[in-house]
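Have a look at the structure below, then the notes.
2 protein chains.
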Amino acid sequence: MSESLDHIESIFVDRIADNMNTYGVSSTVGRVLGIIYMHRKPMTLSELSEATGMSKTRMSQVVREMVELNIAEKVFEKGIRKDLYNVEQDYYQTFVSLFTSNWQKAIQKNKQFEKKIKEELHNITSKKELTIEDELKINDLLAEAKEWMEYYKWLANLVEFFESGEVFKHVPKPY
Amino acid sequence: MSESLDHIESIFVDRIADNMNTYGVSSTVGRVLGIIYMHRKPMTLSELSEATGMSKTRMSQVVREMVELNIAEKVFEKGIRKDLYNVEQDYYQTFVSLFTSNWQKAIQKNKQFEKKIKEELHNITSKKELTIEDELKINDLLAEAKEWMEYYKWLANLVEFFESGEVFKHVPKPY
DNA sequence: AACTTTATAAAATAAAAAGTTTACAAAGTG
DNA sequence: CACTTTGTAAACTTTTTATTTTATAAAGTT
């Protein structure tokens, strides 16, 4: 009997892993998250290794990635010296965490680009002998740069919209 | 002079490609989108092949993927018999397209899961001789299934929130 | 202090994804 | 209708990413 229950549980884990895939994280990360989630309490590297059938080293890499992504955390428990890892039990919060960590990284990277592109463009503009064609192209590129930066500003606002939980005011969690 | 302008243009393409990466599409897809975007008008497979330095076959695969993702379309032009491909010129729309096609796929897949899991669980419930423990576990799994389905309903609403453009009411495009 | 256990780096291997070459069918041209 | 161009499938190769094995350092035990 309880084998069939275990089987159902494993279907859940598969589903969670697949869902995670949509966020762009590897399916092993998704599976580990699913396993800890369904287990309802923190797990050690050895337990995860046992549960996934993968090496403990791999589990170490995976949980580290998860911690970086903000979807798992190391927790301590008196009397246990192994590291314990836990995950968020709220699907919505996990969605928000992944969405925001992905885009925040992208936004960060983009900052350097903004500086660089502005410099290069102004450098060129200030130099002599530009053909009419060049002028036009530069204007086009400047306009493009502006649009791009606005777009990234919008992305930053969007991230904030999620992170602050405001999104739930307009797309409410079913209750 | 105009080589340096070309160089700037190529920085843009890189940036666009990298941004696309955040949506989970491969960097070649991103680069092709960037190239067509900066070119300002539709391009053929041969032109893309020339621009990327990749084979025409690969370009064929890539544009097909882009069409499936709803971020490019085949267009016709009188007198040109090669297939021409164009991309959305609006960053925001591209964001929405990718976001929604990703999640719609996931939502679709999830429907089958819902049916399956409900069946399996009800099957088990209706069978005799369940230990107290099993009962508890089944209840837990049923509750979980319910939460999961609600979560996916929320995702569907969220997709609609983007697709309908309502998102822009609350996170306005800079103007 | 000698001995375990635990966690993780570094190197090696396996699996998956990206890209190319070859081949061929469908459509366009003279 | 013979000839070219175009698009894509199928098989193959290369590159990248996942995963394991080996090795080592840090911490816990006796």
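The listed protein sequences correspond, in order, to chains X and P. FYI, the working numbering numbers position 96 of the first sequence as 110, with every residue one higher than the one before it. FYI, the working numbering numbers position 113 of the second sequence as 127, with every residue one higher than the one before it. Heads up, the beta-carbon is just placed ideally off N, CA and C, and yes, glycines get one too.
Output, in chain order, the set of chain P residues within a Cβ distance shorter than 9 Å of Ser16/X.
-> Scanning chain P for C-beta atoms nearer than 9 Å to the C-beta of Ser16/X yields Thr145, Glu147, Asp148, Lys151, reported in chain order.
Can you tell me the Cα-Cα spacing of Pro186/X and Thr114/P, whole angstroms?
-> C-alpha separation (whole angstroms): 18 Å.
Check whether Ala152/X and Leu135/X have beta carbons under 8 Å apart = Checking the sequence, you will find Ile at residue 152/X rather than Ala. Yes, they are a contact pair.
What are the residues that DSSP puts in a beta bridge with Glu87/P?
-> Note: Glu87/P sits in a beta bridge opposite Asn100/P.
For Thr58/P, does the three-state DSSP call read helix, strand or coil?
-> Judged by DSSP in its simplified three-state form, Thr58/P adopts strand.
Using a beta-carbon distance cut-off of less than 9 Å, what residues from the stretch 104-134 of chain X approach chain P?
-> Taken in chain order, the members of the stretch 104-134 of chain X whose beta-carbon sits within less than 9 Å of a beta-carbon on chain P are Tyr105, Tyr106, Phe109, Asn116, Trp117, Lys119, Ala120, Lys123, Asn124, Phe127, Lys130, Ile131, Glu134.
Taking His184/X as the query, report the chain P residues whose CB atoms sit under 8 Å from its CB, ordered along the chain.
-> Contacts between His184/X and chain P, judged by CB atoms closer than 8 Å, involve Phe175, Glu180, His184 in chain order.
Where Asn84/P and Tyr106/P are concerned, what is the direct C-alpha to C-alpha distance, given to the nearest angstrom?
-> Answer to the nearest angstrom: the Cα atoms are 13 Å apart.
Output the boundary residues of the alpha helix (DSSP H) element that contains Thr36/X.
-> From DSSP, the alpha helix (DSSP H) with Thr36/X extends over 16-36.
Take Glu133/P as the anchor and find which of Asp148/P, Trp117/P, Ala159/P, Thr42/P has the nearest alpha-carbon.
-> Here the closest residue by C-alpha is Ala159/P.
Residues near Glu177/P in its chain [Cβ-Cβ closer than 7 Å; skip 5 each side] | Excluding sequence neighbours, Glu177/P sits near Val110, Thr114.
Cβ of Thr36/P less than 8 Å from any chain X Cβ?
-> Judged by the 8 Å Cβ criterion, Thr36/P is in contact with chain X.
Does the Cβ of Tyr189/P have 16 or more other Cβ atoms within 10 Å, making it buried, or fewer, making it exposed?
-> Residue environment for Tyr189/P: exposed (fewer than 16 other C-beta atoms within 10 angstroms of its C-beta).
How many angstroms separate the CA atom of Phe26/P from the CA atom of Met80/X?
-> Roughly 31 Å separates the two Cα atoms.
At a Cβ threshold of 8 Å, is Pro188/P touching chain X?
-> It does; some Cβ of chain X falls within 8 Å.
According to the Cβ coordinates, are Thr36/X and Trp117/P closer than 8 Å?
-> In this structure, Trp117/P lies closer than 8 Å to Thr36/X by Cβ.
Run the CB neighbour count on Ile30/P, radius 10 Å, all protein chains shown included, and call it buried at 16 or more, exposed below.
-> Result: buried.
So, helix, strand or coil for Ser111/P, using DSSP?
-> The three-state reading of DSSP puts Ser111/P in helix, counting H, G and I together.
CB-CB under 7 Å to Tyr237/X, same chain, minus the five flanking residues each way: which ones, in chain order?
-> Past the boundaries of the shown model lies residue 237/X; chain X is included only from 15 to 189, so the question cannot be answered.
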